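What follows is a set of notes on a single structure, which appears directly below.
Number of protein chains: 2
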Amino acid sequence: MALDTKPYKGARDFYPADKQLQNYIFGIWREVAASYGYQEYDAPIIEPLDIYAAKTSQEIVNEQTYSFEDRGGRKVTLRPEMTPTVSRMVAAKRQELALPLRWYSIPNLWRYERPQRGRLREHWQLNVDLFGIAGIEADHEIIAIADAIMQRFGAKRDMYVIRLNSRQLTNYILQDFIGLNSEQSAATIRLIDRIHKIPADELKAALNDIAADKTDQLLNIFKAHSYDALPEDIKNHKIAQHLHKLEMMLARGGITNTKFDVTLMRGFDYYTDIVFEVFDTNPENSRAIFGGGRYDGLVGAFGVEPLPTIGFGLGDVTLHDFLQTHNLLPTIKQPVDLCVITIGDVYLEAQKLLTDLRSDGLKVVVDSTGRKIDKQLKSADKAGFEWILFVGEQELASGDYKLKHLPSGKEQSLGLGEIAKTIKTS
Amino acid sequence: MALDTKPYKGARDFYPADKQLQNYIFGIWREVAASYGYQEYDAPIIEPLDIYAAKTSQEIVNEQTYSFEDRGGRKVTLRPEMTPTVSRMVAAKRQELALPLRWYSIPNLWRYERPQRGRLREHWQLNVDLFGIAGIEADHEIIAIADAIMQRFGAKRDMYVIRLNSRQLTNYILQDFIGLNSEQSAATIRLIDRIHKIPADELKAALNDIAADKTDQLLNIFKAHSYDALPEDIKNHKIAQHLHKLEMMLARGGITNTKFDVTLMRGFDYYTDIVFEVFDTNPENSRAIFGGGRYDGLVGAFGVEPLPTIGFGLGDVTLHDFLQTHNLLPTIKQPVDLCVITIGDVYLEAQKLLTDLRSDGLKVVVDSTGRKIDKQLKSADKAGFEWILFVGEQELASGDYKLKHLPSGKEQSLGLGEIAKTIKTS
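As they're listed, the protein sequences go chains H and C.
In case it helps, the working numbering puts the first sequence at residues 1 to 426.
In case it helps, the working numbering puts the second sequence at residues 1 to 426.
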């Protein structure tokens, strides 16, 4: 029986045009991260399962990991996220590494979820992390990088909003300001973590179940999407003031599309303070594109002195959806510069010419099928090659080659030295 | 209890310097493959187990795969090699794709083996494949690319040898020329697949067990490492002549370090004809670096019309050992161009300058710790940064900045427009 040609469910094959688009995305990620002095690292896709048990959400560990026992009986998993891995690596060289560390990586991550728009079983995720700076400057730098990436892809300020919150602020509001007990507070947090996914009346009913006398007060605070709209006592809290200062710092660099959102939770248990999320403003794709936050305790979970850390993870699937929604995807062009069509049996004689063209920086294929010229031309056209060079014994002897531009049909006779220049400056 | 900081056994963490070296290797792989008009593709690291059952060696499938059942009961594995995957992808679009296809990929591959020099449980492997050309030109092109990569890394002709053989030639020699029966022939093939790993006397004893009266004749043929040294009847066989012609074609382009080796088998069951292997000549690392061959039947195993195919796979672990053995590894340099040291509380005021420096193409970090200048300088030195820019209120007001080159201690006063140029041309 013939084998199935489909890729594994929820995962993607990248044909050349798909991979070119991915390389465009990776290229911008690398360029922006490097311009801020961040250095790339990587690690194995297999990790011991127990590094997730401590701080990653229970839902991910129990229901979504690709876990198995290896042939030596070790309990391992395909990493569902990179944060525990990079914390492990930093902890392993905690004493040797010169702080602060500015690191990035583009790992492939796996979660067993029901495939849907913006969510597959695997994605590639840019991880950017800054280790060793506890101050607001680190929060500012990380969010500035997230924003610089969006800008570099051509996004306008009105296409996305950067929501800001702190776990500590939400705890203060629920427990101290509103006066919920710890059980009510935990139930409310679980609820508001899904606030953008449930209808308003359902939210209200659920809040009523938790603490009927506080529902209106809670709903009012949830709706306050700016520092100024918050009650005075919350505004005076030091974390609220920190977030407000951060907003002003970002605005000074032109990043004006931020928003206070005390309902922003992010799913991971390791966040200790500020969290942020870049959200698509288009109603057709109204969802978080990516986010991050501060996790000052995770490196310390590996038995070394803790290290203040803030970072974010940006996945290629949600980013692609955003770029598509806003018409920001680039046109993918055939990458081969030149197709050499051979006239007669000159494959071997043409090798030196091919080497010279490649040395001139051209990406060159040669049709070595020995077919008639019109068949070779037809294949070249079907493959999408724009430039054709005709090479036979006569051309090799004279050093004059006919270069044809297929889209325009224009032909010209050129020496070797002029071919690369003509193609590159066209 | 604290979590362990070690990576999974037999797999590697890539700290920034390691990753830079890997990116250097990947960069040359991409550059050479692209210059021959090859296009990059990719696919999920998880594949259905059954695509390996057919044609990959039984040893790999039964003893070395990372196989498990996913949460939906599917039998899957981390890919141990890329050839079945790329064959699956080509088969899935057999009718739409414009032939020939020139494709490459750099997948991460996993095998459960005992970790040792040159062999880990994972590696990254350049796969280069040419689909749709049955003629000798395809054999020539693929080996020429393999050679161009070695040359691009700085390898000299005497550092490696390219062994050539064909499965069909070995079958002819063992069965028709020597006259072994199919059982003896199969036993001999299993033996010569390990010929470089077993001592001469052990080889002779094992051959004696298979067919005592043929041992000397076999050993003589195994020792014939050129076309001319083979018996006349073998030389006249069409496959031997094909290989001989291929050697002459390669030699014409300067690839003179080839060798006939009728003992070259390669481990995979899918090879149908020519196989080749690039072998390190250094006695300290005397082993195959990488290899490939023709596998005309694998695309057809996915239920579509078969397609002539030849390709190779080059892993980063064996290549790294080769480059190290021959002193061909590059010096890894700190990638950050400039570290900005702030004098006083000017982090926010300096942002525009930082943006401008990054726009000029510099990779710039800023020390935002607010520490004293000498502490900042010490950190910069420990991190390996070469260039330091001092920025305080006075500098921002005047537009004159002090640029210091740490290795030489040299300082100069420059305007914004001169900083990038000075660093880049140093």
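A virtual CB, placed ideally from N, CA and C, is assigned to each residue, including glycine.
Note that the structure is predicted; figures quoted are calculated from it, not measured.
How is residue i classed by DSSP in three states: helix, strand or coil?
| i | result |
| --- | --- |
| serine 359 (chain H) | helix |
| glutamine 168 (chain C) | helix |
| histidine 326 (chain H) | coil |
| arginine 30 (chain C) | helix |
| histidine 405 (chain C) | strand |
| proline 48 (chain H) | strand |
| serine 226 (chain C) | coil |
| leucine 101 (chain H) | strand |
| aspartate 269 (chain C) | coil |
| phenylalanine 153 (chain C) | coil |
| tyrosine 24 (chain H) | helix |
| arginine 194 (chain C) | coil |
| glutamine 394 (chain C) | helix |
| glutamate 141 (chain C) | helix |
| glutamine 95 (chain C) | coil |
| isoleucine 178 (chain H) | coil |
| valine 346 (chain C) | coil |
| glutamine 39 (chain C) | strand |
How would you list, in chain order, the residues of chain H whose beta-carbon sits under 8 Å from the beta-carbon of residue i?
| i | result |
| --- | --- |
| tryptophan 103 (chain C) | Pro16 |
| glutamate 59 (chain C) | Neighbours of glutamate 59 (chain C) on chain H: none; closest Cβ ~13 Å, over 8 Å. |
| valine 336 (chain C) | Gly37, Gln39 |
Kindly list, in the order they appear in chain C, the residues whose Cβ is closer than 9 Å to that of residue i.
| i | result |
| --- | --- |
| alanine 91 (chain H) | Ala2, Leu3, Thr5 |
| aspartate 50 (chain H) | Leu3, Asp4 |
Need the endpoints of the beta strand (DSSP E) that residue i sits in, please.
| i | result |
| --- | --- |
| glutamine 412 (chain H) | 410 to 415 |
| lysine 259 (chain C) | 258 to 260 |
| asparagine 108 (chain H) | 108 to 110 |
| aspartate 367 (chain H) | 364 to 367 |
| valine 391 (chain C) | 387 to 391 |
Identify the residues that DSSP records as bridge partners of residue i: which are they?
| i | result |
| --- | --- |
| valine 61 (chain C) | Looking at the DSSP assignment, valine 61 (chain C) forms no beta bridge with any residue, so it has no partner. |
| leucine 126 (chain C) | C:Leu314 |
| alanine 288 (chain H) | H:Phe279 |
| phenylalanine 68 (chain C) | C:Val76 |
| phenylalanine 302 (chain H) | Answer is none; phenylalanine 302 (chain H) lacks a bridge partner. |
| glycine 293 (chain C) | C:Val275, C:Gly311 |
| arginine 119 (chain C) | C:Gln116 |
| isoleucine 423 (chain C) | Bridge partners of isoleucine 423 (chain C): none, in fact. |
| isoleucine 162 (chain C) | C:Thr258, C:Val278 |
Are residue i and residue j close, meaning C-beta to C-beta below 8 Å?
| i | j | result |
| --- | --- | --- |
| leucine 109 (chain C) | methionine 82 (chain C) | yes |
| isoleucine 239 (chain H) | leucine 338 (chain H) | no |
| leucine 250 (chain H) | tyrosine 270 (chain H) | no |
| proline 100 (chain H) | leucine 126 (chain H) | no |
| isoleucine 289 (chain H) | phenylalanine 276 (chain H) | no |
| phenylalanine 222 (chain H) | leucine 243 (chain H) | no |
| tyrosine 427 (chain H) | threonine 281 (chain H) | The structure shown does not extend to residue 427 (chain H), since chain H spans only 1 to 426, so no value can be given for it. |
| alanine 11 (chain C) | glutamate 137 (chain C) | no |
| lysine 19 (chain H) | aspartate 42 (chain C) | yes |
| proline 7 (chain C) | glutamine 39 (chain H) | no |
| threonine 64 (chain H) | arginine 114 (chain H) | Here residue 64 (chain H) is glutamine; the residue named in the question, threonine, does not match the sequence. Taking 8 Å as the Cβ cut-off, glutamine 64 (chain H) and arginine 114 (chain H) do not qualify as a contacting pair. |
| valine 90 (chain C) | glutamate 47 (chain C) | no |
| proline 174 (chain C) | serine 166 (chain C) | Note that residue 174 (chain C) is leucine in the sequence shown here, rather than proline. In this structure, serine 166 (chain C) does not lie closer than 8 Å to leucine 174 (chain C) by Cβ. |
| glutamate 386 (chain C) | leucine 414 (chain C) | no |
| phenylalanine 390 (chain C) | lysine 402 (chain C) | yes |
Could you name the residues of chain C that residue i contacts, counting a contact when the two beta carbons are closer than 7 Å?
| i | result |
| --- | --- |
| phenylalanine 68 (chain H) | Phe68 |
| proline 44 (chain H) | Pro7, Tyr8, Ala11, Arg12, Glu122 |
| alanine 98 (chain H) | Ser379, Lys382, Ala383 |
| tyrosine 24 (chain H) | Simply none; closest approach about 12 Å. |
| tyrosine 112 (chain H) | Asp70, Arg71 |
Starting from residue i and walking both ways along the alpha helix (DSSP H), at which residues does that stretch end?
| i | result |
| --- | --- |
| alanine 205 (chain H) | 200 to 211 |
| phenylalanine 222 (chain H) | 215 to 223 |
| threonine 342 (chain C) | Not the alpha helix (DSSP H): threonine 342 (chain C) falls in the beta strand (DSSP E), residues 338 to 342. |
| lysine 375 (chain H) | 373 to 383 |
| aspartate 13 (chain H) | From DSSP, aspartate 13 (chain H) is part of no alpha helix (DSSP H); its letter is neither H nor E. |
| glutamine 241 (chain H) | 238 to 252 |
I want to verify the contact list: residues of chain C whose CB lies under 8 Å from the CB of residue i, in sequence order.
| i | result |
| --- | --- |
| glutamate 393 (chain H) | The premise fails here: glutamate 393 (chain H) is roughly 16 Å from chain C at the closest Cβ pair, so nothing lies under 8 Å. |
Note down, in chain order, every chain H residue with its Cβ under 7 Å from the Cβ of residue i.
| i | result |
| --- | --- |
| glutamate 137 (chain C) | Tyr347, Ser368 |
| glycine 253 (chain C) | Gln351 |
Under 7 Å: does the beta carbon of residue i sit that close to some heavy atom of the ligand FAD?
| i | result |
| --- | --- |
| valine 61 (chain H) | As presented, the structure is devoid of all ligands, the ligand FAD included, so that no description of it is given. |
Mind pulling the chain H residues with CB within less than 9 Å of residue i?
| i | result |
| --- | --- |
| valine 365 (chain C) | Tyr36, Gly37, Tyr38, Pro100, Arg102 |
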